[in-house]
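Read the structure below first, then the notes.
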Amino acid sequence: FIHGLVVTLGVGLSEKIWMVIVAVIMWIPVAILKQMSEAAFMAIFGLVASVVVIIISTVMSLKDPYTKMHPSEPAPSHSAAIGVGIPVALSSIVFSFSGTVVYPHVEAAMKKPRQWPMVVLASMLFSAAAYLLIGITGYWAYGDQVVSPVLDSIPTGAPATVAKIMITLHVIIAAPILLLSFYLEIEKQFNITPERLGKKREFIIRLAYRSVVVAAVCGISIAIPYFSDFLSLISSLACVALYAIVPVSCYLKLYGHRVAPWYEKIWMFVVLAISGVACVWGSIDAIKSLIHDSKSG
Numbered sequence: 075f076i077h078g079l080v081v082t083l084g085v086g087l088s089e090k091i092w093m094v095i096v097a098v099i100m101w102i103p104v105a106i107l108k109q110m111s112e113a114a115f116m117a118i119f120g121l122v123a124s125v126v127v128i129i130i131s132t133v134m135s136l137k138d139p140y141t142k143m144h145p146s147e148p149a150p151s152h153s154a155a156i157g158v159g160i161p162v163a164l165s166s167i168v169f170s171f172s173g174t175v176v177y178p179h180v181e182a183a184m185k186k187p188r189q190w191p192m193v194v195l196a197s198m199l200f201s202a203a204a205y206l207l208i209g210i211t212g213y214w215a216y217g218d219q220v221v222s223p224v225l226d227s228i229p230t231g232a233p234a235t236v237a238k239i240m241i242t243l244h245v246i247i248a249a250p251i252l253l254l255s256f257y258l259e260i261e262k263q264f265n266i267t268p269e270r271l272g273k274k275r276e277f278i279i280r281l282a283y284r285s286v287v288v289a290a291v292c293g294i295s296i297a298i299p300y301f302s303d304f305l306s307l308i309s310s311l312a313c314v315a316l317y318a319i320v321p322v323s324c325y326l327k328l329y330g331h332r333v334a335p336w337y338e339k340i341w342m343f344v345v346l347a348i349s350g351v352a353c354v355w356g357s358i359d360a361i362k363s364l365i366h367d368s369k370s371g
C-alpha cells in the first residue's frame with residue numbers, strides 16, 4: 075500500500091526499498107523500549123487506529139454498497155457458506171487473535187494483575203465484535219464481489235485512503251510489540267540484565283541482538299519470492315498451532331483432563347478439531363498458491 079500510495083505522488087522507490095524503510099521504522103521502538111509496560115502508548119495508538127478503520131469500513135459499506143457503486147451491473151450474490159474459502163477463513167480467524175503471544179508479558183506489566191481475566195474477556199469480545207462488524211457489513215454490501223482486504227472494496231477517496239494509512243501504521247507499530255515479547259523471553263533465558271552485565275554492556279548487547287533480529291526479518295521478507303503466499307503457509311502451520319493447539323495442549327499437560335469440567339473438555343475438543351482442520355486445509359491452499367505463482371512467474 076505504501077508503495078502504491080507514494081507512486082501517485084511521484085516517489086519512485088521500489089517495494090524492497092520501502093520494506094527496508096519500514097524495517098528501520100520498526101527498529102526504533104525495538105531499540106528504545108525495554109519492557110512491555112513501555113509499549114503502552116503503541117497499544118493505545120493501535121486501538122485508536124483499529125476503531126477508525128472499523129468506523130470508516132462499516133459506514134462506507136452501508137453508505138455505498140455494490141449496487142449503488144455499479145447500478146448498471148447485476149447485484150452481487152450472497153451465500154450462507156463458501157466451502158472453498160473455509161480453510162483460509164479458519165486460518166485468518168485464528169491469526170486475528172494472535173495477540174496471545176504477548177499475554178504473559180502484558181499481565182506481568184499490569185499494575186493490578188488480578189484484573190487480567192476481565193481484561194482478556196473484554197479484549198476478546200472487542201476483537202470478535204470488530205471482525206464481525208466489518209465482515210458482516212462488507213459481505214452484505216459487496217457479496218461475492220468483495221475483495222480482500224475489504225478496504226479495497228469501498229469507494230476510493232479520502233475515507234478509504236485514511237483507513238489504509240491508519241491500518242498500515244497500526245501494523246508497523248504493532249509488529250515491534252510482538253517482537254518485544256520474543257526479546258523479553260531471550261533476555262530472560264540468557265540473563266541479559268544490568269545487574270549481571272552492567273548498564274552500558276547490557277544496553278549494547280540488547281541493542282545488537284535486537285537489531286540483528288530486525289535485519290534478519292527484513293532480509294527474509296525481501297529475499298523470499300512470493301512472500302505473501304509463504305507467509306500464508308507459515309500462518310497456517312505455525313500460527314494455528316501456536317495460538318490454538320499449543321495452549322490447549324499445555325493446559326491439559328499442566329492440569330490434566332480430570333480438572334476441567336465436561337463443558338470445558340467439549341470446548342477444548344472443538345478448538346483442537348477446528349484448529350487441526352485450519353492447519354491442514356490452510357497449508358494445502360497456501361502450497362497451491364505458491365506452486366501457481368512460481369509457475370506463472
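Numbers in the numbering used here are just positions in the sequence shown, counted from 1, shifted up by 74. Don't be surprised by glycine CBs; every beta carbon is placed ideally from N, CA and C.
In the structure shown, R332 adopts coil according to DSSP, grouped into three states. Between the region 351–359 and the region 301–318, the count of C-beta pairs closer than 8 Å reaches three or more; the two stretches touch. With a 10 Å radius around the Cβ and a threshold of 16 neighbouring Cβ atoms, S310 comes out buried. Comparing alpha carbon positions, the residue from V224, V158, H179 and K186 closest to M134 is V224. Counting along the chain, L258 sits inside the alpha helix (DSSP H) bounded by residues A232 to Q263.
Following the DSSP letters along the chain, one finds I210 inside the alpha helix (DSSP H) bounded by residues W190 to Y216. Annotation: L364 to A297 spans about 15 Å, alpha carbon to alpha carbon. Boundaries for E112: no alpha helix (DSSP H) harbours it, and the DSSP string shows neither H nor E there. Within the region 128–153, there are no complete beta strand (DSSP E) runs of at least 3 residues.
E181 and V193 have their alpha carbons spaced roughly 9 Å apart.
Contact check between the region 225–242 and the region 117–136: three or more CB pairs, one atom from each, fall below 8 Å, which counts as touching.
Taking the C-beta atoms as reference points, R332 is found no nearer than 8 Å to V104. Secondary structure of G272 (DSSP, three-state): coil. Straight-line measurement puts the Cα of S153 at about 15 Å from the Cα of V221. Ranking Y329, A249, K327 and E276 by CA distance to the CA of C292 puts A249 first. CA-to-CA, the gap between F343 and V98 works out to about 43 Å.
For the options S295, Y205 and P148, the alpha carbon positioned closest to that of E89 is the one of S295. The C-beta of Y337 has fewer than 16 other C-beta atoms within 10 Å across all chains shown, which makes the residue exposed. Put simply, the backbone Cα of P229 is about 17 Å away from that of G209. A Cβ-Cβ separation of about 6 Å places V96 in contact with I246 under the 8 Å criterion. At the C-beta level, V168 and I251 stay beyond 8 Å of one another. Within its own chain, the residues whose Cβ lies closer than 7 Å to the Cβ of F119, once the five positions on either side in sequence are excluded, are I247, listed in chain order. When the five nearest sequence neighbours on each side are left out, the beta carbons in the same chain lying within less than 8 Å of the beta carbon of P187 are those of E181, in order along the chain.
When DSSP states are grouped into helix, strand and coil, K369 belongs to the helix group.
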